[in-house]
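Participant: In the numbering used here, the protein residues as written are 631 to 770.
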Amino acid sequence: MILITFMFFITSNPAVDYLGEMVGRNFLDQTVNKDHTRASLLCAETVNFDGTIVKGTDKIAAHLKTIFSSHPADIHFKKILTMPAKLAVEKFGPFPVRLGKINIDKALVVFGRRKSGGIAVILEEDKTIAGQYRVVALTD
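1) Around the Cβ of Arg764, are there at least 16 other Cβ atoms within 10 angstroms (buried) or fewer (exposed)?
2) What residues in its chain sit with their C-beta under 7 Å from that of His693, if we drop five residues either side in the sequence?
3) Should Ala767 and Val739 be called a contact, given that it needs their Cβ atoms to be closer than 7 Å?
4) Please report the residue range of the beta strand (DSSP E) in which Phe707 lies.
5) Looking at the secondary structure, which residues open and close the beta strand (DSSP E) in which Leu694 lies?
6) Take the Cβ of Val646 as the centre, count every other Cβ of all protein chains shown within 10 Å, and call the residue buried at 16 or more, exposed below.
7) With distance defined between alpha-carbon atoms, name the residue in Asp735, Lys736, Ile734 and Ile697 nearest to Thr661.
8) Which one or two residues does DSSP pair with Asn678 in a beta bridge?
9) Could you tell me whether the Cβ atoms of Glu754 and Lys736 are closer together than 7 Å?
10) Exposed or buried, what is Gly681 when buried is set at 16 or more other beta-carbons lying within 10 Å of its beta-carbon?
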């Protein structure tokens, strides 16, 4: 008897740029591990934290530390879903006004679903380097 095993790599959405998805998932991983310095390196120069604008890598790292280190329990994501921002807007409606202007033609959204609630990480493609994405906003 011959046993054949098939392995499949399933991505969240075939329309998603793999490099952008990798940056978003890596950002979530760094926040879960409370490695705020590495997480800040995946961010744009300016990040909108649910309406609070923070500029500069050091200030972003400090803000991430404030947000996640005060969390009473370990953070675990049950599901991570990535999609183009345009599709996210079609499915869930427009982004909250507090996030400011998001270029939905050049952005991805990575949703980290927890047991209760979750986080949405918005990434935009760098204007000067094709395929290089950076975190520009976070919301819950």
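Beta carbons: idealized from backbone N, C-alpha and C, even for Gly. Given the structure is predicted, the values throughout are model-derived calculations rather than measurements.
Facilitator: Put simply:
1) Stepping through the sequence shown from its first residue, residue 764 is reached at position 134. Arg764 should be labelled buried.
2) Mapped onto the sequence shown, residue 693 falls at position 63. Closer than 7 Å at Cβ, skipping near neighbours: Phe679 and Val684.
3) The residue given as residue 767 occupies position 137 in the sequence shown. The residue given as residue 739 occupies position 109 in the sequence shown. Going by C-beta atoms, Ala767 is not nearer than 7 Å to Val739.
4) On the sequence shown, position 77 is the one that residue 707 refers to. It is not in any beta strand (DSSP E) - Phe707 carries neither H nor E in the DSSP assignment.
5) On the sequence shown, position 64 is the one that residue 694 refers to. From DSSP, Leu694 is part of no beta strand (DSSP E) but of the alpha helix (DSSP H) over Thr687 to Ser699.
6) As a position in the sequence shown, residue 646 is number 16, starting the count at 1. Buried, because 16 or more other Cβ atoms sit within 10 Å of the Cβ of Val646.
7) What you label residue 661 is simply residue 31 of the sequence shown in a count that begins at 1. Minimum Cα distance to Thr661 is reached at Ile697.
8) The residue given as residue 678 occupies position 48 in the sequence shown. Here Asn678 is bridged, per DSSP, to Ile683 and Ala767.
9) Position 124 of the sequence shown holds residue 754. Position 106 of the sequence shown holds residue 736. Taking 7 Å as the Cβ cut-off, Glu754 and Lys736 qualify as a contacting pair.
10) Residue 681 sits at position 51 when you count from the first residue of the sequence shown. With fewer than 16 Cβ atoms within 10 Å of its Cβ, Gly681 is classed as exposed.
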